[in-house]
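Residue numbers (my numbering), protein chains in the order written: chain E, 1 to 249; chain S, 250 to 537. Idealized CB from N, CA, C, for every residue including glycine. Computed from a predicted structure; not experimentally measured. To start, the structure under review is shown below, and the notes come after it.
Okay, structure coming up:
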């Protein structure tokens, strides 16, 4: 499912966090958004599932089209949107419930009647994140007892259970060690066959390794976007070049 | 010299710290000594489960079952009223209210906590009691129900403020996680926030109940003080606390009646100690 961003501006009170952002994300690809901290990359990501609505005093202009619908429209149905566009957070945030209840949280809130088939959903979702074999015997245990990496995988499984089209990942590996990071990246490459993935990261190597396309942001502006290998080998803009060669950030 | 000063100050502070423990121990021992003296005259089973409280008849009958049931009835009534309202109020303050209104509400709750119980008691006496008498068409409005309603007002501030703290202590990430999965605000509240703060909410409820069971003045003024085993909420009852307050002044020191009142004090002490311990366990429960 494509995402088209047209002339997007966003303000937190007086502060303009996004300036005239234009970009499109293609289906079943991994797009990385990179840039130094405070450049607005997380803010941009949070536009796509309207999580910025939680913050008081946020104002947006422009247009973001997902599935031919402008999601910035005040009448947009947030429940439908967030079912379609799932988000993985920086710190793994499983609910303080059992592993099983974490996975079925989404399916249960979205359909009131369909009580059977939940076991299948749990198995399918956990298999998708390669956790099933590890956890199939402890589904009733608290999700808080898992390791950080398992928690993050569980959070991804929890999204898969609602069958989204788009996965937003906000620095999903920043709390993980290098091995766990690599395994999550492998998982992302697995998942892109079925999902459109947008990942925000300040780890350039991660972007270079795992994404198909990359966008570079600086001070609220999208400086340039394109195929990952192009951005990292022939950046068009001087500022991109400076950033990826480690001049700042 | 400076060292000596430090030494003196440290020891003084230590003494103040020990004083509180010392006084608690002293009070408890005194209570125990005076209360246990009763059991020379009356068996413990007869005392706890005796159905008649006629302390000044000859011989005195000192069964506190009606008083225990009176306390339980008033407390349960107050709990049924104050727990749902209190928790809902905490949810509203912590999650729903716009920030300006939230401040006003919190100030209101604090003010409610600051009203002396005797004032609540007499307001209840002149407004609630006649109203209940009229609405239910009963001979007197001095009933367990009146006590429950007034005590619910006293338990509310405790329940609201502790439950509210419990909601604030839930990590923001839980809420974001639930909303990002497409949960509505209300689904987020009752499927994630309330379960995540359940131990804090239980502690709030226990402390609220503890407040109610130990309350004396308001119940004495509006529950009618009839030491009979209550059958419905619509009849007068007498609580443990009101019994002590009302009768201690006229009990002859060293009489069975006098010792019995102390024994009632022990019963109350045990109940509120138990409630506080349970609340504490919930509050300091380690998250798994």
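Residue i versus residue j: straight-line alpha-carbon distance, rounded
| i | j | result |
| --- | --- | --- |
| residue 16 of chain E | residue 464 of chain S | 56 Å |
| residue 308 of chain S | residue 402 of chain S | 40 Å |
| residue 536 of chain S | residue 100 of chain E | Its pLDDT being 48, under 50, residue 536 of chain S is placed unreliably by the model, and the measurement read from it follows with that caveat. Going by the C-alpha atoms only, they are around 18 Å apart. |
| residue 342 of chain S | residue 449 of chain S | 16 Å |
| residue 282 of chain S | residue 468 of chain S | 28 Å |
| residue 301 of chain S | residue 311 of chain S | 6 Å |
| residue 241 of chain E | residue 179 of chain E | 28 Å |
| residue 149 of chain E | residue 273 of chain S | 50 Å |
| residue 388 of chain S | residue 458 of chain S | 29 Å |
| residue 336 of chain S | residue 28 of chain E | 45 Å |
| residue 305 of chain S | residue 471 of chain S | 23 Å |
| residue 353 of chain S | residue 80 of chain E | 35 Å |
| residue 48 of chain E | residue 64 of chain E | 8 Å |
| residue 181 of chain E | residue 254 of chain S | 58 Å |
| residue 520 of chain S | residue 321 of chain S | 11 Å |
| residue 373 of chain S | residue 323 of chain S | 14 Å |
| residue 77 of chain E | residue 524 of chain S | 46 Å |
| residue 171 of chain E | residue 204 of chain E | 11 Å |
| residue 103 of chain E | residue 156 of chain E | 9 Å |
| residue 508 of chain S | residue 270 of chain S | 25 Å |
| residue 381 of chain S | residue 473 of chain S | 13 Å |
| residue 139 of chain E | residue 429 of chain S | 23 Å |
| residue 247 of chain E | residue 238 of chain E | 11 Å |
| residue 503 of chain S | residue 286 of chain S | 9 Å |
| residue 212 of chain S | residue 334 of chain S | Absent from the structure is residue 212 of chain S, since the part of chain S shown begins at 250 and ends at 537. |
| residue 266 of chain S | residue 442 of chain S | 38 Å |
| residue 339 of chain S | residue 52 of chain E | 25 Å |
| residue 245 of chain E | residue 530 of chain S | 55 Å |
| residue 488 of chain S | residue 494 of chain S | 10 Å |
| residue 225 of chain E | residue 25 of chain E | 10 Å |
| residue 347 of chain S | residue 86 of chain E | 28 Å |
First through last residue of the alpha helix (DSSP H) which encompasses residue i
| i | result |
| --- | --- |
| residue 426 of chain S | 421-429 |
| residue 334 of chain S | 314-340 |
| residue 518 of chain S | 505-532 |
| residue 484 of chain S | Per DSSP, residue 484 of chain S belongs to no alpha helix (DSSP H) and is neither H nor E. |
| residue 44 of chain E | 41-47 |
| residue 233 of chain E | 228-233 |
| residue 268 of chain E | Look at the range of chain E in this structure, 1 to 249, and you will see that residue 268 of chain E is not part of it. |
| residue 255 of chain E | Here chain E comprises residues numbered 1 to 249, so residue 255 of chain E is not present and cannot be evaluated. |
| residue 260 of chain E | A query on residue 260 of chain E cannot be resolved here, the shown segment of chain E reaching from 1 to 249 and no further. |
Distance between beta carbons of residue j and residue i, contact taken as under 8 Å
| i | j | result |
| --- | --- | --- |
| residue 30 of chain E | residue 192 of chain E | 5 Å |
| residue 214 of chain E | residue 91 of chain E | About 24 Å; that fails the 8 Å criterion. |
| residue 437 of chain S | residue 427 of chain S | 4 Å |
| residue 161 of chain E | residue 106 of chain E | 5 Å |
| residue 252 of chain E | residue 109 of chain E | What the structure shows of chain E is the stretch from 1 to 249, and residue 252 of chain E is not part of that stretch, so it cannot be assessed. |
| residue 72 of chain E | residue 60 of chain E | 6 Å |
| residue 517 of chain S | residue 496 of chain S | Wrong, their Cβ atoms sit about 14 Å apart, outside the cutoff. |
Beta carbon of residue i nearer than 8 Å to that of residue j
| i | j | result |
| --- | --- | --- |
| residue 144 of chain E | residue 94 of chain E | yes |
| residue 250 of chain S | residue 366 of chain S | no |
| residue 405 of chain S | residue 361 of chain S | yes |
| residue 327 of chain S | residue 461 of chain S | yes |
| residue 397 of chain S | residue 330 of chain S | yes |
| residue 222 of chain E | residue 22 of chain E | yes |
| residue 8 of chain E | residue 62 of chain E | yes |
| residue 153 of chain E | residue 131 of chain E | yes |
| residue 280 of chain S | residue 514 of chain S | yes |
| residue 344 of chain S | residue 416 of chain S | yes |
| residue 315 of chain S | residue 501 of chain S | no |
| residue 319 of chain S | residue 479 of chain S | yes |
| residue 392 of chain S | residue 483 of chain S | yes |
| residue 167 of chain E | residue 197 of chain E | yes |
| residue 98 of chain E | residue 142 of chain E | yes |
Extent of the continuous beta strand (DSSP E) run through residue i
| i | result |
| --- | --- |
| residue 403 of chain S | From DSSP, residue 403 of chain S is part of no beta strand (DSSP E) but of the alpha helix (DSSP H) over 393-417. |
| residue 373 of chain S | Segment: none, residue 373 of chain S is in no beta strand (DSSP E) and carries neither H nor E. |
| residue 55 of chain E | Run containing residue 55 of chain E: none; DSSP gives neither H nor E here. |
| residue 216 of chain E | 213-218 |
Using a Cβ cut-off of 8 Å, which residues of the region 432-457 of chain S contact any Cβ in chain E, in chain order?
432, 433, 436, 440, 441, 444 and 445
Mind checking the region 307-329 of chain S against chain E and listing, in chain order, the residues whose C-beta falls within less than 9 Å of any C-beta there?
When CB distances to chain E are screened at a threshold of 9 Å, not a single residue of the region 307-329 of chain S falls below it.
Can you give me, in chain order, the residues of the region 4-15 of chain E that have a beta carbon less than 9 Å from any beta carbon in chain S?
Flagged: no residues at all.
Taking only beta carbons into account, state which residues of the region 92-104 of chain E come closer than 9 Å to chain S, listed in chain order.
92, 93, 94, 95, 96 and 97
Using a Cβ cut-off of 9 Å, which residues of the region 108-134 of chain E contact any Cβ in chain S, in chain order?
Along the region 108-134 of chain E, the positions whose C-beta sits under 9 Å from a C-beta of chain S are 108, 109 and 110, read in chain order.
With 9 Å as the limit, tell me which residues of the region 333-360 of chain S have their beta carbon closer than that to any beta carbon of chain E; keep them in chain order.
348
Relative to chain S, which residues along the region 158-184 of chain E have a C-beta separation below 8 Å, given in chain order?
158, 159 and 162
Quick one: which residues of the region 57-81 of chain E get their C-beta closer than 7 Å to a C-beta of chain S? List them in chain order.
Along the region 57-81 of chain E, the positions whose C-beta sits under 7 Å from a C-beta of chain S are 79, read in chain order.
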